[in-house]
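Residue numbers (this note's numbering): 639 to 1057. Below is one structure; the comments refer to it alone.
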Ligand SMILES: Cc1cc2nc3c(=O)[nH]c(=O)nc-3n(C[C@H](O)[C@H](O)[C@H](O)COP(=O)(O)OP(=O)(O)OC[C@H]3O[C@@H](n4cnc5c(N)ncnc54)[C@H](O)[C@@H]3O)c2cc1C
């Protein structure tokens, strides 16, 4: 489409902020609408996959992310009580120059927020969008929870996350399927941890602790890590009621070496609960509305791909608008561009999650026996890591290390700087 559109992007999470930049750069008039009065990062740190880093590079936010985040070379996990290695995977299995980036929410928010501010994209905050109503020329007006009709737009982008109230406008009914297991998390000092890998410990599939070094947060130069402890959402009140000692004993029984890392956690209230649900919109668009990020597809974080996928959605939407003659044509093209990638990750995530978080007594044992030996097969190891890196399918499936080289080189420079 050659004429610029007026686009209202609802939600200032990673999906909304990145999409606003992609759409602005494609020449559209973009405004952001956000529920909370002062937009801020919510939640733990996260992994950005190489495909997500390439997306950040396209909107000029990569350097800001690299300035805070921690380059990650691979994943390592052991099982208790056997001590058996469950996985020891490295991005180098795909290409020695490839890395992920672990980053605190505050830092990725800061990087994306700066990208939005540099483009002078207007933001209206304190508006919770719960519906659309038809304005003049059938252009949709976002409607707030307190009944205000905001200015009409040619296109609305729903980036309001997994709790989206606008999903019914996508046409196909969706029932989010909450996972019984969620996680509590806390920001902890990274002291003593290997900085270059996500490390986990398991006891069957019922207990899991993970530590992800995430680099720095804005305003604090001490390296941080995010601690994740898997638990059933229904057991969270009991965790709070029991006080910190029983939790500390279970953690140290699983991973004794991290006593200094958890020393500052004195109260279970310092552990924040995160829940997840599996939701996939069959059609991520409706009449003049596109769904992106968790609003279109939410899942458990086992594959560490949610933010990467969310940013790729925004890029695909901007590209689809550029290549189509009408809005309906562009929305259908957007859905087509993302379909295989999204379905693949949603299915992989649904398939793998029970191996790491479930009550099934056998599944953890089976995982411990099969995962690591299977990665001795170089082809399988490479495929596993390609999947984790977001490169096995989707917009970067055909990417050669050379085409991601700009990203990899800049991360490698950073590693050298740090070293
Ligand atoms: C514990 C945990 C660990 C995770 N780890 C990773 C990881 O390692 N890597 C990874 O890539 N992903 C990870 N994820 C998933 C990732 O957090 C999500 O996929 C990602 O945040 C989705 O971004 P989003 O912008 O679509 O939604 P959100 O981040 O949920 O942002 C939605 C935004 O919309 C606003 N909003 C909500 N409702 C409204 C409304 N009605 N009107 C206006 N504004 C509204 C919200 O305030 C928020 O600003 C993890 C998730 C959890 C819970």
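Just so it is clear, CB atoms sit at the ideal spot from N, CA and C, and this is done for glycine as well. This structure is a prediction, so every number in the text was calculated from the model and none was measured.
Cβ atoms of residue 645 and residue 791 come within 8 Å of each other, at about 6 Å. Judged by DSSP in its simplified three-state form, residue 736 adopts coil rather than helix or strand. For residue 708, the secondary structure class from DSSP, reduced to helix, strand or coil, is strand.
Taking non-hydrogen atoms of ligand 1 into account, the C-beta of residue 853 is found less than 8 Å away from none of them. Taking 9 Å as the cut-off, the beta carbon of residue 958 is found closer than this to the beta carbon of residue 969. Within the chosen limit of 8 Å, ligand 1 reaches the beta carbon of residue 850 through at least one heavy atom. Using a cutoff of 8 Å, the CB of residue 807 does not count as near ligand 1, since none of the ligand's heavy atoms is closer than that.
Within the DSSP secondary-structure output, residue 858 pairs in a beta bridge with 855. Not one heavy atom of ligand 1 is found less than 8 Å from the C-beta of residue 838.
Of all alpha-carbon atoms in 760, 710, 679, the one lying nearest the alpha-carbon of residue 666 is that of 760. Annotated as distal: residue 850 and residue 896, with beta-carbon spacing of 9 Å or more.
For residue 914, the shortest separation between its Cβ and any heavy atom of ligand 1 lies below 8 Å.
Under the DSSP assignment, residue 952 falls outside any beta strand (DSSP E), being part of the alpha helix (DSSP H) whose first and last residues are 944-961. With fewer than three CB-CB distances shorter than 8 Å, the region 908-924 does not count as touching the region 653-671. With a beta-carbon spacing of about 24 Å, residue 930 and residue 852 fall beyond the 8 Å limit used to define contacts. Membership of residue 823 in the beta strand (DSSP E) is indicated by the continuous run 819-827. Residues of the same chain with a CB within less than 6 Å of the CB of residue 826, apart from the 5 flanking positions on each side, are 863, 865, 899 in chain order.
One thing to note: residue 936 has its Cβ within 9 Å of the Cβ of residue 814.
Residue 729 and residue 1027 have their C-alpha atoms spaced approximately 7 Å apart. Per DSSP, reduced to three states, the secondary structure at residue 898 is helical. A residue is called buried when at least 16 other Cβ atoms come within 10 angstroms of its Cβ; residue 688 meets this threshold and is buried. Boundaries of the alpha helix (DSSP H) around residue 754: 743-756. Relative to ligand 1, even the nearest heavy atom lies 8 Å or more away from the CB of residue 834.
Among the bridge pairs identified by DSSP, residue 644 is matched with 667.
Positions of the alpha helix (DSSP H) runs, each at least 4 residues long and wholly inside the region 863-896, are given as 874-880, 882-892 in order along the chain. Here residue 857 is exposed, its C-beta having fewer than 16 other C-beta atoms within 10 Å.
CA-to-CA, the gap between residue 803 and residue 902 works out to about 38 Å. By the C-beta criterion, the region 839-848 is judged to be in contact with the region 883-895, since at least 3 inter-stretch pairs fall below 8 Å.
Across the structure, residue 831 and residue 656 are spaced so that their CA atoms are roughly 31 Å apart.
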